[in-house]
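The opening position of the sequence shown corresponds to residue 15 in our numbering, with each subsequent residue numbered one higher.
Even glycine gets a Cβ: it sits at the ideal position worked out from N, Cα and C.
Read the structure below first, then the notes.
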Amino acid sequence: MDTTGDSQFQCWNLQPRDAEKIGALLSYAQKYEAIEMRQAFSKSKLDGWWYGAYHIAEEHFSGVAYITDQFVYLFGRDKDALRCMGRNLGRNQSKRPGGGSHSLFGPNEMVQAFWHGFEISGKKLAADIQLDLCELTEIACAQNTAYEARYAVKKDLPLVFDFLGEALIDELGMDVRRLGKDAHERRCSELIADQKIILGLHRGKPAFVGEYREDELGIFIEHAYFPVAMRRPKVMRGIHARMAELLMERNPTLLMYIDHANEETKAATDEVGYRVVMPGRMMRLR
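Written as structure tokens, this is what we have:
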């Protein structure tokens, strides 16, 4: 007797012929679900590595994974499908010596189900984080003249190089400044040239660096980093409010993932006016 539910599904690396049925599955995603996956699926193409669980009897995909160099993005309508995907990918992973580390990301129940299957790989949890997607449409606090936000310029490159490097250690568990110094420096230079880096100041001194990107949902703030000495709710609130004022000139909706357990950041962003629109989960593996 199949006690795992695996016999309901067939799993495989997806091909272009599967795009229509994957599009049908992603159509069930709510506004803020599977954002990264839906962006990668734009123009109804399956570029990159996609993996799915097909429900044999009902003839549709019940779960899907989009796999990049650093993340496994997950979405589905059936926890058994995600568990089956995890178990199949885990079996293949366990046959490979070494291998890079990934972070699992998606809705809480789906990530947990996938991990229950993928544990067979022998990978261990390095971090398990509830990441809340938060939205800001109106600044709720008063602005303070002690704080400033501006676009980074060429002379800010050493600071951006260092602060973004620190942010990626927090998020990915690796130091890109050491592992790929030239590539990291080149990327920072390009982001500065494209005005995609925000620099925050407290009484004229650098206190924050963050990256942003724009899409149809709004502006996503990413890799936001405050040095330890600046991680105080008052400072963080003041800079987040100034950054919001600057970016809302481009788009009235700001979005940011916030660690649910980070009380200082939550206190600051709550006062600015950010509200949770989708709870998610990230598991970093090693």
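Cβ separation of residue i and residue j, assumed to be a contact under 8 Å, to the nearest whole Å
i	j	result
alanine 79	tyrosine 87	7 Å
arginine 298	alanine 140	5 Å
alanine 282	methionine 244	About 11 Å; that fails the 8 Å criterion.
alanine 255	isoleucine 153	6 Å
methionine 124	glycine 90	5 Å
leucine 103	phenylalanine 132	6 Å
leucine 268	alanine 258	6 Å
isoleucine 1	phenylalanine 222	With the chain running from 15 to 300 in the structure shown, residue 1 is simply not present.
aspartate 273	isoleucine 143	6 Å
tyrosine 46	valine 291	5 Å
arginine 289	lysine 137	With 8 Å as the limit, arginine 289 and lysine 137 do not qualify as a contact, their Cβ atoms being about 34 Å apart.
Of the residues the options, the one placed nearest residue i, counting alpha carbons only
i	options	result
cysteine 98	Ser76, Ser115 and Glu225	Ser76
asparagine 265	Asp83, Leu150, Ala48 and Asn27	Leu150
alanine 166	Ala197, Val286, Phe175 and Ser41	Phe175
cysteine 148	Tyr271, Glu278 and Arg300	Tyr271
proline 220	Glu34, Asp170, Gln157 and His130	Asp170
lysine 280	Arg300, Glu263 and Arg246	Arg246
glutamine 157	Val291, Val286, Glu278 and Glu236	Val286
serine 56	Asp229, Glu263, Lys138 and Glu236	Asp229
glutamate 34	Ser58, Cys25, Arg52 and Arg200	Ser58
isoleucine 36	Met51, Gln44, Lys45 and Tyr46	Met51
proline 172	Glu199, Gly232, Arg192 and Arg289	Glu199
glycine 232	Glu185, Pro30 and Glu263	Glu263
aspartate 61	Pro30, Gln44 and Arg300	Pro30
histidine 130	Gly100, Asn106 and Ala197	Gly100
aspartate 284	Cys155, Glu72 and Asp196	Cys155
aspartate 92	Glu72, Arg105 and Arg191	Glu72
aspartate 83	Ala197, Ser117 and Asp189	Ser117
cysteine 25	Ala197, Arg191, Asn106 and Lys210	Asn106
Residue(s) in a DSSP beta bridge with residue i
i	result
leucine 299	Leu139
phenylalanine 234	Arg227 and Leu269
glycine 294	Leu145
tyrosine 87	Tyr80 and Phe119
histidine 74	His69
cysteine 25	Ala67
arginine 289	Glu149
tyrosine 239	Val223
Distance CB(residue i)-CB(residue j) smaller than 9 Å
i	j	result
glutamate 162	glycine 214	yes
tyrosine 65	histidine 74	no
glutamate 187	serine 135	The residue you asked about is not glutamate; residue 187 is glycine in the sequence shown. The answer is no: Cβ separation not under 9 Å.
leucine 145	proline 241	no
leucine 261	arginine 164	no
alanine 181	alanine 238	yes
isoleucine 70	phenylalanine 23	yes
isoleucine 206	tyrosine 226	no
alanine 127	histidine 216	no
alanine 48	glycine 120	yes
tryptophan 63	asparagine 122	no
glutamate 236	glycine 218	no
lysine 248	serine 203	no
Query raised in the report: Residue ranges of each beta strand (DSSP E) run of no fewer than 3 residues wholly in the region 179 to 230, ordered along the chain?
Result: 211 to 216 and 219 to 229
Requested in this report: Could you tell me which uninterrupted beta strand (DSSP E) segments, each at least 3 residues in length, are contained entirely in the region 118 to 169, listed from first to last along the chain?
Outcome: Listed in chain order, the complete beta strand (DSSP E) runs (minimum 3 residues) inside the region 118 to 169 are 139 to 150 and 161 to 165.
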